[in-house]
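To start, the structure under review is shown below, and the notes come after it.
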Amino acid sequence: MAKTSLILVRSIVLSTCASLSSSSPSSYSSPPCTQITPNDALFIVDTQNDFMESYTIPKGHKPNYNITDHVTHGNKIRAGSLAVGNTSAIIEPINEWIRYFNENGGKVFASLDWHPRDHCSFCRNGSASTNPGGYKPHGGVCGPLPQHGFNDTGRCQDNVAQDDYMNKALLQWPDHCLESDFGARFQPFLTLPENATVVKKGWDATMDTYSAFGGTESVQGYPFDTDDHQPQLSGRDDLATLLTKANITRFWTVGIALDFCVGGTVLDALGKNNKTRRPKPETISLVSLVLPCTRAVDPSGSGEKMLQDVIDAGAIVAHYASPIDAIAEVCSKTEEATTSAMPKVS
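Note that numbering that gives the first Met the number 0 has the sequence shown beginning at 0, numbered continuously upward.
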């Protein structure tokens, strides 16, 4: 019986080995770098009405919601309160990325700047009675602070704002992205899928956050941008937790604005944001910035500086708007970096 059992076990092992050896090697290897998988995240930063320039409604495109009250006589949508130049040009390229990820099994994430009406980042500069000359009832661009004559007692208390204030570089803004208002909604021609994961940030009146990693998961489902307030959002998972739960390994970044929210998000994804000091999400191994799909408030100043900062931190910059070409470029750069890091055989 023992001999028979031994022969049977040997037969099973040999059969299994033969089956393994005849299988395609590719079935046991990692997917190629250029292949998008469920471990890839497209992250769309703050592509919202208040950050959009005025633009003509594209022909043949239907908006995701009613925009009638925000259209001028020239068939244009009015600029947002904190409009960034040339932002209308990135919507269709971002939509192409969304389509490509949907078709190939990638995941789509997005962030919304989401402020209460008394948010600390708004520069109203005190009150009409305390500062009649500089009072801005609807906010304005103020800074850099500290600045003589400005009432900064209501400024934000987060690490980034504190650091900027100490370095005499704090900026405050016009009222923007007021929760549930038109300005806070996603740009109406952005084709965000219903299964996207959305985080909302800046909902605490005393704290600001440029980086989407300071946000928490939206309670409201699709369309995501007409509801939610601080009590619901404060106990939700943050972005790092959501990415880790989804086992995201590659993080592809697009959106507005490069020199603030996009750059801060990229630096946090790399664990290299010296202002927030957030740790890198444990599953992420590659972070890319898709340069043609973002715009900066100050392209030749703070935008150029942020671009260099994210490169120095280890982000791989893609220079093509097309997802196929951009992903191929990033993979080529990754392969070059891996090859150059390998020890040379003498």
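We put the CB at the ideal spot given by N, CA and C, even for glycine.
All values derive from a computational prediction rather than experimental measurement.
Cβ separation of residue i and residue j, assumed to be a contact under 8 angstroms, to the nearest whole Å
{"i": "Leu269", "j": "Ala336", "result": "That pair is no contact at about 14 angstroms."}
{"i": "Thr215", "j": "Cys155", "result": "About 17 angstroms separates the two Cβ atoms, so there is no contact after all."}
{"i": "Thr252", "j": "Ser210", "result": "Between Ser210 and Thr252 the Cβ distance is about 11 angstroms, and since that is not below 8 angstroms, they are no contact."}
{"i": "Pro380", "j": "Pro62", "result": "For the chain, the structure presents residues 0 to 345; residue 380 sits outside this window and is missing."}
{"i": "Arg123", "j": "Pro136", "result": "7 angstroms"}
{"i": "Tyr54", "j": "Ile76", "result": "6 angstroms"}
{"i": "Arg294", "j": "Ile89", "result": "6 angstroms"}
Option in the options with minimal Cα separation from residue i
{"i": "Ser284", "options": "Ser233, Ser80, Asp39, Pro187", "result": "Asp39"}
{"i": "Cys292", "options": "Pro322, Asn273, Lys279", "result": "Pro322"}
{"i": "Ile56", "options": "His72, Phe100, Phe42, Leu41", "result": "His72"}
{"i": "Asp162", "options": "Asn273, Phe185, Lys61, Phe223", "result": "Asn273"}
{"i": "Arg235", "options": "Ser301, Phe212, Ile76, Asn94", "result": "Phe212"}
{"i": "Val279", "options": "Tyr64, Leu242, Phe121, Met305", "result": "Here the sequence assigns Lys to residue 279, which means Val is not the residue at that position. Residue Leu242 is the option with its Cα nearest to Lys279."}
{"i": "Ala153", "options": "Ile89, Met165, Ala325, Phe121", "result": "Here the sequence assigns Gly to residue 153, which means Ala is not the residue at that position. The option with the nearest alpha carbon to Gly153 is Phe121."}
{"i": "His318", "options": "Leu288, Tyr221, Pro298", "result": "Leu288"}
{"i": "Lys58", "options": "Ser28, Glu91, Cys32, His69", "result": "Glu91"}
{"i": "Pro222", "options": "Leu191, Gln229, Ser233", "result": "Leu191"}
{"i": "Glu328", "options": "Ser299, Tyr134, Leu290, Ser301", "result": "Leu290"}
{"i": "Ala168", "options": "Phe185, Gly254, Val140", "result": "Val140"}
{"i": "Phe185", "options": "Gly300, Thr86, Arg249, Cys119", "result": "Thr86"}
{"i": "Met305", "options": "Phe108, Asn101, Lys271", "result": "Lys271"}
{"i": "Leu81", "options": "Glu52, Gly133, Glu102", "result": "Glu52"}
{"i": "Phe108", "options": "Asp324, Ala245, Ser301, Cys330", "result": "Ala245"}
{"i": "His118", "options": "Ser299, Gln229, Tyr164, Asn74", "result": "Gln229"}
{"i": "Asp308", "options": "Asp324, Gly263, Ala325", "result": "Gly263"}
Cβ-Cβ distance between residue i and residue j below 9 angstroms
{"i": "Ser217", "j": "Asp203", "result": "no"}
{"i": "Asp267", "j": "Val296", "result": "no"}
{"i": "Ser110", "j": "Val44", "result": "yes"}
{"i": "Trp96", "j": "Lys200", "result": "no"}
{"i": "Thr208", "j": "Asp157", "result": "yes"}
{"i": "Asp237", "j": "Ser179", "result": "no"}
{"i": "Gly105", "j": "Pro37", "result": "yes"}
{"i": "Val83", "j": "Ala239", "result": "no"}
{"i": "Gly79", "j": "Gln34", "result": "no"}
{"i": "Asp282", "j": "Ile310", "result": "First, the residue type needs correcting, since residue 282 is Thr and not Asp in the sequence shown. No. Outside cutoff."}
{"i": "Val265", "j": "Val286", "result": "yes"}
{"i": "Leu189", "j": "Ala183", "result": "no"}
{"i": "Gln171", "j": "Gly220", "result": "no"}
{"i": "Cys32", "j": "Thr333", "result": "yes"}
{"i": "Phe50", "j": "Phe250", "result": "no"}
{"i": "Phe181", "j": "His69", "result": "yes"}
Where the beta strand (DSSP E) through residue i begins and ends
{"i": "Leu169", "result": "169 to 173"}
{"i": "Trp96", "result": "Here Trp96 belongs to no beta strand (DSSP E); instead the alpha helix (DSSP H) covers 90 to 103."}
{"i": "Ile315", "result": "315 to 317"}
{"i": "Gly139", "result": "138 to 144"}
{"i": "Leu290", "result": "285 to 294"}
{"i": "Arg249", "result": "249 to 255"}
{"i": "Ala109", "result": "106 to 112"}
Run of the alpha helix (DSSP H) containing residue i, from where it starts to where it stops
{"i": "Ala163", "result": "Here residue 163 is Asp; the residue named in the question, Ala, does not match the sequence. It spans 158 to 165 - the alpha helix (DSSP H) in which Asp163 sits, taken as one unbroken run."}
{"i": "Thr240", "result": "238 to 244"}
{"i": "Lys274", "result": "First-last for Lys274: undefined, no H or E at that position."}
{"i": "Pro37", "result": "Counting along the chain, Pro37 falls outside any alpha helix (DSSP H), and DSSP gives it neither H nor E."}
{"i": "Asp308", "result": "303 to 312"}
{"i": "Thr264", "result": "262 to 269"}
{"i": "Leu232", "result": "229 to 232"}
Interface flag, residue i vs chain C, CB-CB below 9 angstroms
{"i": "Ala160", "result": "Looking for chain C here will not work: only one protein chain is present."}
Q. How do the segment 133 to 149 and the segment 193 to 211 stand: do at least 3 beta-carbon pairs fall below 8 angstroms, yes or no?
A. no
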